[in-house]
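**Student:** In the working numbering, the protein residues as written are 1 to 768.
Where is the CB? At the ideal position from N, CA and C, for every residue including glycine.
(1) Please check the pair residue 660 and residue 679, which I expect to be a contact at CB under 8 Å, by giving their CB distance rounded to whole angstroms.
(2) Under three-state DSSP, which class holds residue 571?
(3) Please confirm whether residue 621 and residue 644 have their CB atoms less than 9 Å apart.
(4) Report yes or no: do three or more beta-carbon pairs, one from the region 260 to 268 and one from the region 326 to 334, lie closer than 8 Å?
(5) According to DSSP, is residue 448 helix, strand or coil?
(6) Rounded to a whole number of angstroms, what is the C-alpha to C-alpha distance between residue 363 and residue 405?
(7) What is the DSSP secondary structure of residue 40, counted as helix, strand or coil?
(8) Residue 202 by DSSP, collapsed to three states: which one?
(9) So what does DSSP say about residue 537, is it helix, strand or coil?
(10) In its own chain, which residues sit with a C-beta less than 7 Å from the C-beta of residue 602, not counting the 5 before and 5 after it?
(11) Compute the Euclidean distance between the alpha carbons of residue 647 and residue 607, then round it to the nearest angstrom.
(12) When you compare only the Cα positions, how much space is there between residue 534 and residue 301?
(13) Confirm, please, whether the CB-CB distance from residue 245 to residue 204 is below 9 Å.
(14) Can you check which of these residues, 280, 515, 311, 275, is closest to residue 291 by C-alpha distance?
(15) Report buried or exposed for residue 588, applying the criterion of at least 16 other Cβ atoms within 10 angstroms of its Cβ.
(16) Does residue 386 come out as helix, strand or coil in the three-state DSSP assignment?
(17) Quick check on the burial criterion: 16 or more other C-beta atoms within 10 angstroms. Buried or exposed for residue 706?
(18) Fully enclosed by the region 208 to 280, which alpha helix (DSSP H) runs are 4 residues long or longer?
(19) Applying the criterion that 16 or more other CB atoms from any shown protein chain within 10 Å of the CB defines a buried residue, is residue 739 buried or exposed?
(20) Hey, is the region 138 to 149 in contact with the region 171 to 184, meaning 3+ C-beta pairs nearer than 8 Å?
(21) Any idea what DSSP makes of residue 477, helix, strand or coil?
(22) Check each candidate in 479, 239, 185 and name the one with the smallest Cα separation from residue 258.
(23) So residue 630 is in the alpha helix (DSSP H); what residue range does that whole segment cover?
(24) Is residue 698 helix, strand or coil by DSSP?
(25) Do residue 213 and residue 202 have their CB atoms nearer than 9 Å?
(26) Measure how close the beta-carbons of residue 494 and residue 432 come, nearest whole angstrom, since I'm counting them as under 8 Å.
(27) Output the distance between the C-alpha atoms of residue 104 and residue 38, rounded to the nearest integer angstrom.
(28) Taking the Cβ atom as the reference point for each residue, do residue 547 and residue 616 lie within a distance shorter than 9 Å?
(29) If I'm right that residue 230 touches residue 221 with Cβ under 8 Å, what's the distance once you round it to whole angstroms?
(30) Just the C-alpha distance for residue 482 and residue 572, rounded to the nearest angstrom, thanks.
(31) Of all the alpha helix (DSSP H) runs that stay within the bounds of the region 399 to 478, which reach a length of 4 or more residues?
(32) Pair every Cβ in the region 375 to 388 with every Cβ in the region 442 to 456, then say whether three or more of these pairs are closer than 8 Å.
(33) Since residue 477 and residue 450 are thought to touch, with beta carbons under 8 Å apart, how far apart are those beta carbons, to the nearest angstrom?
(34) Distance, Cα to Cα, residue 627 vs residue 522?
(35) In whole angstroms, what separates the C-alpha of residue 55 from that of residue 40?
(36) With a CB to CB cut of under 8 Å and the five nearest residues on each side skipped, what residues in its chain are close to residue 281?
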């Protein structure tokens with residue numbers, strides 16, 4: 001008898017509250033009907049003068065004899081003006097304010113209905129739950145009700161909520177139905193949690209079974225009554241149950257069997273309803289619970305087969321789940337289904353990599369091939385059932401081929417995680433191009449960015465000796481770089497990327513690929529010499545390293561020049577300039593190192609590498625001068641060519657001077673006086689050559705550089721040679737430089753007009 005009184009009080013409170021809410025809904029519905037009736041009555045009253053004026057008109061028109069037809073015509077003509085002047089015109093004036101006044105009334109009424117029906121309803125339910133919780137807490141604190149009685153009260157409350165919610169649904173109170181049914185399902189979950197976790201009245205197996213029943217009840221009600229929110233609510237509660245009902249024991253078979261049951265309910269929803277949220281929730285819920293167990297302390301190598309078996313079952317399930325209804329009805333699929341399939345492929349790939357890479361590495365490549373074979377089977381079934389949906393067929397085939405392609409580097413033990421990100425990025429880009437979905441292109445960009453970040457985290461590439469270009473790190477980097485180029489090409493072919501902001505995304509993907517490829521080549525060459533420092537010596541390895549990197553960046557710059565020349569890609573022009581800037585930094589950083597035993601000048605690797613780099617600058621200036629620039633960058637053509645050629649001449653002079661200095665410094669027989677004399681002579685000869693070359697090609701800039709170099713030589717002779725060189729060598733320096741200056745002046749004066757294209761009909765010397 002002590003239990004009956006609290007139960008009666010709870011039923012009274014709960015029933016009274018629900019009755020009040022229903023009465024509130026009925027009252028609002030009656031108010032709305034009264035408002036509609038008043039509006040209709042007002043409309044009828046305003047239209048009443050029209051109905052009385054129409055029968056009055058035929059009464060006035062009485063025609064008795066047919067003889068005087070002409071006389072009867074005149075009254076009808078005279079009676080027409082009254083028709084135009086008739087007084088039904090005033091009634092429209094009171095009708096005009098009616099819609100003006102009724103529109104805000106209806107808007108305010110709809111706002112009032114939203115606030116009154118939805119917000120008050122949910123707030124009332126929440127307050128009611130709090131009131132019941134406070135009452136039950138008070139009852140529990142005073143020991144009115146034991147644990148079993150408390151659970152019975154909770155279960156009874158949930159049943160009452162479901163019954164009243166069903167009654168509300170039959171009366172078309174859908175909002176109240178959702179609120180009460182969701183509240184009842186939540187109460188069932190809470191009771192299950194308390195029965196196991198708080199009061200220990202039920203074992204774990206019974207608690208899981210009860211939560212499965214609650215989830216299936218919620219999903220069934222959602223499917224039957226077309227209540228998506230209710231189905232989603234039950235599904236979320238089902239995935240939260242293993243967390244809330246966790247006892248701390250390691251029972252993976254029970255956990256994964258429970259997840260299989262939940263996913264089968266999701267497959268039922270996918271079959272009867274096209275609710276994408278259900279599929280997505282099932283996928284992410286399964287991934288979170290599986291990954292949390294796999295990363296926890298419970299997993300060890302003895303449970304490998306359990307993890308592998310259930311992850312394979314989940315992979316099969318989520319391949320079928322998004323396409324189930326389309327396969328049954330032979331209807332085309334949506335882009336969201338393909339997105340879920342791509343996520344499934346990626347999640348399974350990462351899981352297999354985590355399970356197999358350390359202990360079962362030889363199996364990994366075959367498992368990835370098995371993934372691809374499964375996709376090919378799905379592709380064959382889809383192609384047979386839905387022949388018209390070519391986009392989905394092509395996407396499934398590309399996914400399968402991508403897995404087969406990825407299986408080769410994975411079997412060769414390349415970097416698994418960056419390749420997985422790159423694979424997912426390519427699949428997202430292809431599916432986004434097929435279905436013209438920009439969001440998938442964003443996913444592709446994010447995935448390739450993560451792949452690039454994962455590669456950078458694995459630097460340095462090598463710590464021991466290796467075979468250049470034929471090793472696992474190089475192959476992994478190359479695959480991700482090629483994936484960037486493929487994504488950029490797919491994004492360029494996507495019609496949704498025609499607008500300017502989206503074009504930058506494809507350019508960014510291309511730049512990421514170029515950055516990865518250049519970084520890969522730089523690190524590969526640098527690592528080749530760094531790991532050999534112990535065998536060939538630090539100084540020798542450093543000199544070879546500098547020379548190799550300078551040659552590499554010279555070739556990269558030349559590659560960009562050729563690409564821009566052959567394809568007209570304007571983006572390669574600044575990329576070539578960036579490559580040359582990096583090469584210049586490496587050149588100036590290498591000037592501090594001297595070649596040991598410098599016997600012969602101009603034939604050592606450092607000087608030859610700088611000479612090749614200088615030639616690449618000159619070739620770039622020559623090609624950029626010939627090729628047509630885009631209109632948007634046409635004003636930069638001459639400055640770019642001038643800067644490149646000026647830097648090439650300056651770099652050659654500096655490299656030549658450093659080579660002469662290093663060569664003379666390594667021989668004790670050659671004094672510093674000889675060194676300064678040789679430098680002055682070389683500078684003067686090069687300045688003379690520049691002036692002659694500038695006159696021949698009619699390029700003023702080259703002649704100006706020659707003049708500047710002559711000026712620098714004269715300053716050197718006056719400031720350095722005068723003080724350091726002995727009189728004999730001083731005479732030679734001054735004499736050689738003076739003769740070269742006179743020769744330059746003679747050539748400039750004698751052939752200036754002819755070489756510059758000026759008129760010189762007589763062929764005489766030009767007077768100074």
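**Tutor:** The relevant details are as follows:
(1) 6 Å
(2) coil
(3) yes
(4) no
(5) helix
(6) 16 Å
(7) helix
(8) coil
(9) coil
(10) 659
(11) 16 Å
(12) 41 Å
(13) yes
(14) 311
(15) exposed
(16) coil
(17) buried
(18) 228 to 244, 252 to 272
(19) exposed
(20) no
(21) helix
(22) 239
(23) Neither: residue 630 is in no alpha helix (DSSP H) and is coded neither H nor E.
(24) coil
(25) no
(26) 7 Å
(27) Low per-residue confidence applies at residue 104: pLDDT is 46, beneath 50, and the placement is therefore not dependable enough to give any value.
(28) no
(29) 6 Å
(30) 17 Å
(31) 416 to 435, 438 to 457
(32) no
(33) Wrong, their Cβ atoms sit about 15 Å apart, outside the cutoff.
(34) 29 Å
(35) Bear in mind that a pLDDT of 46 at residue 55, under 50, signals an unreliable position, so the number given afterwards is only what the model happens to contain. Answer to the nearest angstrom: the Cα atoms are 24 Å apart.
(36) 232, 235, 236, 239, 266
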